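Numbering (the UniProt record's numbering), first residue to last: 1 to 215.
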């Protein structure tokens, strides 16, 4: 095994996308579970700026931020499963959509904290974002990357598992009105590395209900 370690927490969407990428590449690594309520010396040593997971350690050198880690993995093991498109134009589009989705993350996350008074407005706001992604990003493709899962799918698909959790906790339906995105998400969930590396919806619902003292 290469000197490769991943510091993370089981419930992080950002950690899970890195786990999926490593498995797609067939790369062996050691996983180190941290505790964000009592951060380890290892985490603080290797990510002293943001003090967040995931952190990928390759030969003792830290790589941080999940999307940067995905690019690093793809470039370090280029002969294996391609995560980013080789074509420069397609690559630029993949980076655009991951940035666009990343810019909306706070809006998605805020659903779990929304009040009854603001719930409808928040749902409509999220729905508009999802429709934009569905129409202009996914289109009629099987995956964002085409016939196989890639960079955008890893970034957005892992995050959508968490949006589904927010839907359950807040007892709302947002995602299912976007039928093409819904079909894509069902395909995403059937990919073996996704099944193996993402926690179940029930596990995440229980975790976040406890975290936010809900129910």
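Virtual Cβ for every residue (Gly too), placed ideally from N, Cα, C. Bear in mind that the values here come from a model prediction, so they are computed numbers and not experimental data.
Is the separation between the beta-carbon of residue i and that of residue j shorter than 9 Å?
i, j, result
"residue 187", "residue 134", "no"
"residue 34", "residue 9", "yes"
"residue 56", "residue 63", "yes"
"residue 158", "residue 191", "no"
"residue 84", "residue 143", "no"
"residue 161", "residue 124", "no"
"residue 218", "residue 203", "Look at the range of the chain in this structure, 1 to 215, and you will see that residue 218 is not part of it."
"residue 24", "residue 101", "no"
"residue 16", "residue 199", "yes"
Just mark residue i as buried or exposed, buried being the case when its beta carbon has 16 or more other beta carbons within 10 Å.
i, result
"residue 210", "exposed"
"residue 26", "exposed"
"residue 80", "exposed"
"residue 52", "buried"
"residue 103", "exposed"
"residue 44", "exposed"
"residue 185", "buried"
List the whole-angstrom C-beta distance separating residue i from residue j, where the pair is believed to meet the contact cut-off of C-beta under 8 Å.
i, j, result
"residue 205", "residue 174", "Not really, about 16 Å apart at Cβ, beyond 8 Å."
"residue 54", "residue 14", "6 Å"
"residue 22", "residue 73", "6 Å"
"residue 67", "residue 155", "6 Å"
Quick check: the Cα distance between residue i and residue j, rounded to an integer number of angstroms?
i, j, result
"residue 207", "residue 58", "30 Å"
"residue 99", "residue 114", "24 Å"
"residue 127", "residue 28", "39 Å"
"residue 169", "residue 111", "9 Å"
"residue 61", "residue 120", "46 Å"
"residue 86", "residue 201", "33 Å"
"residue 30", "residue 136", "38 Å"
"residue 65", "residue 147", "27 Å"
"residue 221", "residue 89", "The chain is shown only over 1 to 215; residue 221 falls outside these bounds and no answer can be derived."
"residue 106", "residue 78", "32 Å"
"residue 177", "residue 183", "11 Å"
"residue 171", "residue 197", "26 Å"
"residue 91", "residue 145", "10 Å"
"residue 167", "residue 75", "36 Å"
"residue 163", "residue 4", "30 Å"
"residue 131", "residue 96", "16 Å"
"residue 71", "residue 2", "18 Å"
"residue 32", "residue 39", "12 Å"
"residue 122", "residue 212", "18 Å"
"residue 117", "residue 82", "45 Å"
"residue 153", "residue 94", "9 Å"
I'd like to confirm the pairing. Which residues does DSSP put opposite residue i in its beta bridges?
i, result
"residue 55", "7 and 64"
"residue 32", "7"
"residue 146", "143"
Could you tell me whether the Cβ of residue i comes closer than 9 Å to any Cβ of chain C?
i, result
"residue 106", "Going by chain labels, chain C is absent from the structure shown, which holds only one protein chain."
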